[in-house]
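Asker: Residue numbers (the working numbering): 8 to 215. We treat Cβ as the ideally placed atom computed from N, Cα and C, and that holds for glycine.
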């Protein structure tokens, strides 16, 4: 099973005396009652582990952890992930999670998702936006600040669902579903993706 890389880049999110947010994010489980699992590998070192067992997948009460990414930028984390994700077979590609100083305050995280060239298809328009992702978005990272419990949902939409479910909600409506505090509403995106009907934007108006 592959897992998403989780980076802690702020001391506020690392020290248990200030916040337990990193352990909460890492320990969070999702799935049905018979098949619940965690999502992340915690990246403590800039040296890539050789096996999944070398990554922390949970943090026990009273347990500490290291992070060589304290003070790093999100771009630093993205670059490290992109450089290393194909070197082993147990890392989820093109999606990472970042715990920053704000995470310690409101328990939101940054989910960064990479847009590959293979995602761009000018022959597959999504009314009313046209082609999604747009040509200028290819080979870039899209950031979504989300409430951390939605990490599983973002991962599934990005790497497992088809374009008809993911692209309208996560590209076309990204700004609409991002509130005044910069938090992307995954629940709204999920609801919209299930209701999206391109014919509503392309059908001729009814005759009067």
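Pull up the CB-CB distance for residue 63 and residue 51, whole angstroms please, since I reckon it's below 8 Å.
Answerer: For the purposes of this step, residue 63 is taken as the residue at position 56 of the chain shown. For the purposes of this step, residue 51 is taken as the residue at position 44 of the chain shown. Residue 63 to residue 51, Cβ: 7 Å. Contact.
Asker: Could you tell me which residues DSSP puts in a beta bridge with residue 16?
Answerer: Taking the chain shown and counting its residues from 1, the one referred to as residue 16 is at position 9. According to DSSP, which records beta bridges pairwise, residue 16 is partnered with nothing at all.
Asker: To which residues of the same chain is residue 174 closer than 6 Å at the C-beta, ignoring the five residues directly before and after it?
Answerer: Residue 174 sits at position 167 when you count from the first residue of the chain shown. If we look at residue 174 and ignore the five residues flanking it on each side, its Cβ neighbours are 133, 139.
Asker: With burial defined as no fewer than 16 other Cβ atoms inside 10 Å of the residue's Cβ, what is the status of residue 143: buried or exposed?
Answerer: Here residue 143 refers to the residue found at position 136 when the chain shown is read from its first residue. Burial call: exposed.
Asker: Answer yes or no: do residue 151 and residue 161 have a C-beta to C-beta separation smaller than 8 Å?
Answerer: Looking up residue 151 in the chain shown gives position 144. Looking up residue 161 in the chain shown gives position 154. Their beta carbons are under 8 Å apart, which means residue 151 touches residue 161 by this criterion.
Asker: Identify, in the order they occur along the chain, each residue of the same chain with its Cβ nearer than 7 Å to the Cβ of residue 122, setting aside the five sequence neighbours on each side.
Answerer: Here residue 122 refers to the residue found at position 115 of the chain shown. For residue 122, where only same-chain residues beyond five positions count, the Cβ hits under 7 Å are 140, 144, 145, 146, 147, 149.
Asker: Taking the alpha-carbon of residue 55 as reference, which of 117, 107, 90 has the nearest alpha-carbon?
Answerer: Residue numbering aside, residue 55 sits at position 48 when the chain shown is read from its first letter. Checked all of 117, 107, 90; the closest Cα to residue 55 is 90.
Asker: Just to check my reading of the structure: residue 20 and residue 107 have Cβ atoms closer than 8 Å, yes? What is that Cβ distance to the nearest angstrom?
Answerer: Your numbering for residue 20 matches position 13 in the chain shown. Your numbering for residue 107 matches position 100 in the chain shown. About 6 Å; that satisfies the 8 Å criterion.
Asker: Determine whether the beta carbon atoms of residue 11 and residue 86 lie at a separation below 8 Å.
Answerer: For this step, residue 11 is matched to residue 4 along the chain shown. For this step, residue 86 is matched to residue 79 along the chain shown. For residue 11 and residue 86, no; Cβs fall outside 8 Å.
Asker: In whole angstroms, what separates the C-alpha of residue 69 from that of residue 207?
Answerer: Here residue 69 refers to the residue found at position 62 of the chain shown. Here residue 207 refers to the residue found at position 200 of the chain shown. Roughly 54 Å between the two C-alpha positions.
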